[in-house]
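Enquirer:
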Ligand code: SMG
Ligand code: MG
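In my numbering, the protein residues as written are 256 to 623.
1) Count Cβ pairs between the stretch 467 to 482 and the stretch 502 to 517 that sit closer than 8 angstroms; are there 3 or more?
2) Any heavy atom of ligand 2 closer than 8 angstroms to the beta-carbon of residue 473?
3) Are the beta-carbon atoms of residue 641 and residue 621 separated by less than 9 angstroms?
4) Between which two residues does the beta strand (DSSP E) holding residue 333 run?
5) Less than 8 angstroms between the CB atoms is what I'm expecting for residue 383 and residue 562, so what's the real figure, rounded?
6) What do you reckon, is the C-beta of residue 315 under 8 angstroms from a heavy atom of ligand 1?
7) Verify whether the separation of the beta carbon atoms of residue 585 and residue 550 is less than 9 angstroms.
8) Start and end of the alpha helix (DSSP H) containing residue 369?
9) Could you check whether the Cβ of residue 578 sits closer than 8 angstroms to any heavy atom belonging to ligand 1?
10) Return the first residue and the last residue of the alpha helix (DSSP H) that residue 377 is part of.
11) In whole angstroms, what is the alpha-carbon distance linking residue 493 and residue 400?
12) Between the stretch 601 to 611 and the stretch 286 to 303, can you find at least three pairs of beta-carbon atoms closer than 8 angstroms?
13) I need the residues with a C-beta less than 5 angstroms from some heavy atom of ligand 2; please give them in chain order.
14) Indicate the three-state DSSP secondary structure (helix, strand or coil) for residue 639 in the structure shown.
15) Does the beta-carbon distance from residue 570 to residue 545 come in below 9 angstroms?
16) Using a Cβ-Cβ distance under 9 angstroms, would residue 496 count as near chain B?
17) Does the beta carbon of residue 390 fall short of 8 angstroms from some heavy atom of ligand 1?
18) Write down every uninterrupted run of the alpha helix (DSSP H) in the stretch 417 to 462 whose length is 4 residues or greater and which is fully enclosed by it, in chain order.
19) Can you check which of these residues, 353, 331, 345, is closest to residue 312 by C-alpha distance?
20) Is any non-hydrogen atom of ligand 4 found closer than 8 angstroms to the C-beta of residue 281, if you look at the structure I gave you?
21) Short of 6 angstroms in beta carbon distance, which residues of its chain neighbour residue 675, apart from the five on each side in sequence? Order them along the chain.
22) For residue 536 and residue 504, I'd like the C-alpha separation in whole angstroms.
23) State the start and end residues of the unbroken beta strand (DSSP E) segment that holds residue 284.
24) Just confirm the distance between the C-beta atoms of residue 395 and residue 404, as a whole number of angstroms; I'd bet it's less than 8 angstroms.
25) Hey, could you find the ends of the alpha helix (DSSP H) residue 551 is sitting in?
26) For the beta strand (DSSP E) holding residue 593, just list the boundary residues, first then last.
27) Of the choices 508, 348, 256, 365, whose alpha-carbon is the least far from that of residue 336?
28) Please determine whether the Cβ atom of residue 274 lies at a distance below 8 angstroms from any heavy atom of ligand 1.
29) Once DSSP output is grouped into helix, strand and coil, what is the label at residue 588?
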């Protein structure tokens, strides 16, 4: 497959409500979309999960654009006739840049699968046609506001609730939600907001029968997570720290994590995600699919991944309406707490070009 054109497009979508985490409050989602066109005129789409600023991860949209334009796309072009399966090895000389690399690999994979007439779900090895949905709930202005928001998600049918926490917003909000919904699968995500000296405080969360606590400490603090996991009965689950199969293997071996949040963008793509999944299945480690406030483009691909057999916990695979009033694809809707896995060829969705154009801030095209 030869790619003749790469289109890099920045769009902005307003969020239906502000999304507050320990590191930022988001009121809109800027997204970098990738479109590739092959020499046969087949088009592949993907979205880069980086945020506007390097707050969740070191990567950010302008940086990804630069990396793609200056290094990654020229390297792929130089490689000539390429397969999605070889993208990672062509890009290996460039360090880091998992999100930028993942986006390029996914766009090529979409085009390649469209050419061969198979869906991403089938290609990755999915064994489900629908996946259970979890929802991620931001830090609220008050406990009452949190109760209202969580209640609306429970009533909508979400199968699992994830509460964002930070120092000063942890034990009490979690206690309140647990009291209201004693049987609801519940987990928390700190996005690195605590330090090793907080272990006593974090241990207080053990009484709430949580599925897991996600990334309590700094992304580089593997030892700290291992020490914390020893004293907490709540399983520790790493998110930001896991950037590849080998980092997952190390963290599991060191007992810094006992569950893995697989986010394809963070680990360099869907192919690396499947490797992590397979490794975890072989050692009976549960995995679940994380989310990055994706539009329908990224959401479609995440649903395909979440349909693999080892994804035994509900993921952050919520309905499009959780974040967006209008999505750039046909919205993903939740029925009885599940979303259907797309079964069209490739990622199975295409953007509504007119709407996408209307929310575009810039487009650049690299033609060969
Ligand atoms: O897409 O449902 C979603 C968002 C899930 O909480 C979510 N993602 O750390 O897991 C995480 C965060 C990262 C993005 S927060 C701006
Ligand atoms: Mg997280």
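In this text, a Cβ means the ideal position worked out from N, Cα and C, and glycines have one as well.
Expert: Reading off the structure:
1) Taking 8 angstroms as the limit for Cβ pairs, the verdict is that the stretch 502 to 517 does touch the stretch 467 to 482.
2) Within the chain shown, residue 473 is the residue found at index 218, counting from 1. No, ligand 2 has no heavy atom inside 8 angstroms of this Cβ.
3) Examination of residue 641 is not possible in this model, given that the chain is present from 256 through 623 alone.
4) Numbered from 1 along the chain shown, position 78 holds the residue referred to as residue 333. Run containing residue 333: none in the beta strand (DSSP E); it sits in the alpha helix (DSSP H), 328 to 334.
5) Residue 383 sits at position 128 when you count from the first residue of the chain shown. Residue 562 sits at position 307 when you count from the first residue of the chain shown. Confirmed, Cβ separation roughly 4 angstroms.
6) The count along the chain shown starts at 1 and reaches residue 315 at position 60. For ligand 1, not one heavy atom lies less than 8 angstroms from the Cβ of residue 315.
7) Stepping through the chain shown from its first residue, residue 585 is reached at position 330. Stepping through the chain shown from its first residue, residue 550 is reached at position 295. No, Cβ-Cβ distance for residue 585 and residue 550 is not below 9 angstroms.
8) Reading the chain shown from its first residue, position 114 is the one you call residue 369. Where residue 369 is concerned, the enclosing alpha helix (DSSP H) stretches over 353 to 371.
9) In the chain shown, the residue the question calls residue 578 occupies position 323. Residue 578 Cβ: within cutoff of ligand 1.
10) By 1-based counting over the chain shown, the position of residue 377 is 122. Per DSSP, residue 377 belongs to the alpha helix (DSSP H) from 375 to 379.
11) Within the chain shown, numbered from 1, the residue matching residue 493 stands at position 238. Within the chain shown, numbered from 1, the residue matching residue 400 stands at position 145. So the two alpha carbons sit approximately 28 angstroms from each other.
12) yes
13) Of all residues, those with a beta-carbon under 5 angstroms from at least one heavy atom of ligand 2 are 444, 469, 494, reported in chain order.
14) Summary: the structure shown does not reach residue 639, with the chain confined to residues 256 through 623, and so no result is reported for it.
15) Locating residue 570 in the chain shown gives position 315, where the first residue counts as 1. Locating residue 545 in the chain shown gives position 290, where the first residue counts as 1. Yes.
16) Protein chains in the displayed structure number just one, and chain B is not present.
17) One-based indexing of the chain shown puts residue 390 at position 135. Distances from the CB of residue 390 to the heavy atoms of ligand 1 include at least one below 8 angstroms.
18) Segments of the alpha helix (DSSP H) lying fully in the stretch 417 to 462: 426 to 435, 454 to 458.
19) One-based indexing of the chain shown puts residue 312 at position 57. When each option's Cα is compared against that of residue 312, the closest is 353.
20) This structure lacks ligand 4; its bound ligands are ligand 1 and ligand 2.
21) Nothing in the structure corresponds to residue 675, since the chain is present only between 256 and 623.
22) Walking along the chain shown from the start, residue 536 turns up at place 281. Walking along the chain shown from the start, residue 504 turns up at place 249. Using only the alpha carbons, I get a separation of about 12 angstroms.
23) Start at 1 with the first residue of the chain shown, and residue 284 comes out as number 29. Secondary structure note for residue 284: its beta strand (DSSP E) is the uninterrupted segment 280 to 293.
24) Translated into positions along the chain shown, residue 395 becomes position 140. Translated into positions along the chain shown, residue 404 becomes position 149. About 6 angstroms separates the two Cβ atoms, so the contact holds.
25) In the chain shown, residue 551 corresponds to position 296, counting from 1. That run of the alpha helix (DSSP H) goes 551 to 561.
26) The residue you call residue 593 lines up with position 338 of the chain shown. 593 to 595 is the span of the beta strand (DSSP E), which, as asked, contains residue 593.
27) Translated into positions along the chain shown, residue 336 becomes position 81. When each option's Cα is compared against that of residue 336, the closest is 256.
28) Taking the chain shown and counting its residues from 1, one reaches residue 274 at position 19. For ligand 1, at least one heavy atom lies less than 8 angstroms from the Cβ of residue 274.
29) Taking the first residue of the chain shown as position 1, residue 588 is located at position 333. Secondary structure of residue 588 (DSSP, three-state): coil.
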